[in-house]
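J.: One structure is given below, represented as structure tokens, and several questions about it will come after.
Numbering (this note's numbering), first residue to last: 199 to 339.
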């Protein structure tokens, strides 16, 4: 049973991620993937418009070394920048750079388009799926 479900989820995620990556390519953000986009969206929609590495890792469900590589690429693309906390210099936050802020509306547009494309299920169906997936995750942990 889990195998069939995991195959379906894998197909869905592949198609969803490819859709995001194609939208980014169309806007000349070549080389950025769905995980990079998830970080940008996470920062944009966060309450304080910034996330620490631990929050990013939790948000995108990746380990710290993978997050470091993803973040470093976004820094190289000048879409985000690191800011150290004034109260605790050990704490580092990722926030949009000037270029990232200039493209914020575009990132939100891509996000909204992707949400609209996947709006074929009702809110109730979506919540049911979320609840079922959470149960499945708990059952195999």
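The beta carbon of each residue, even a glycine, is placed where N, CA and C say it ideally should be. Bear in mind that the values here come from a model prediction, so they are computed numbers and not experimental data.
Just list the beta strand (DSSP E) runs in the region 256 to 294, keeping only unbroken ones of 3 residues or longer that don't cross its boundaries, in chain order.
T.: 278 to 282, 290 to 294
J.: Here's the rule: buried if 16 or more other CB atoms are within 10 angstroms of the residue's CB, otherwise exposed. What is residue 248?
T.: Along the chain shown, read from residue 1 onward, the residue named residue 248 stands at position 50. Its Cβ being crowded by 16 or more others within 10 Å, residue 248 is buried.
J.: Is it the case that the region 222 to 241 contacts the region 274 to 293, given that we only count it when at least three CB pairs across the two stretches are under 8 Å?
T.: yes
J.: Please work out which residues of its chain come closer than 8 Å, Cβ to Cβ, to residue 315, disregarding the five sequence neighbours upstream and downstream, and give them in chain order.
T.: What you label residue 315 is simply residue 117 of the chain shown in a count that begins at 1. 217, listed in sequence order.
J.: So residue 245 and residue 255 are in contact, right, with Cβ under 8 Å, and what is the actual spacing, rounded?
T.: Residue numbering aside, residue 245 sits at position 47 when the chain shown is read from its first letter. Residue numbering aside, residue 255 sits at position 57 when the chain shown is read from its first letter. Going by Cβ atoms, the distance from residue 245 to residue 255 rounds to 18 Å, so no, they are not a contact pair.
J.: Buried or exposed for residue 308, going by 16 or more other Cβ atoms inside 10 Å?
T.: The residue you call residue 308 lines up with position 110 of the chain shown. Burial call: buried.
J.: How would you label residue 230, buried or exposed, when you count the other beta carbons within 10 angstroms and need 16 or more for buried?
T.: Taking the first residue of the chain shown as position 1, residue 230 is located at position 32. Its Cβ being crowded by 16 or more others within 10 Å, residue 230 is buried.
J.: Straight-line CA distance for residue 186 to residue 338?
T.: As shown, the chain starts at 199 and ends at 339. That puts residue 186 outside it, with no answer to give.
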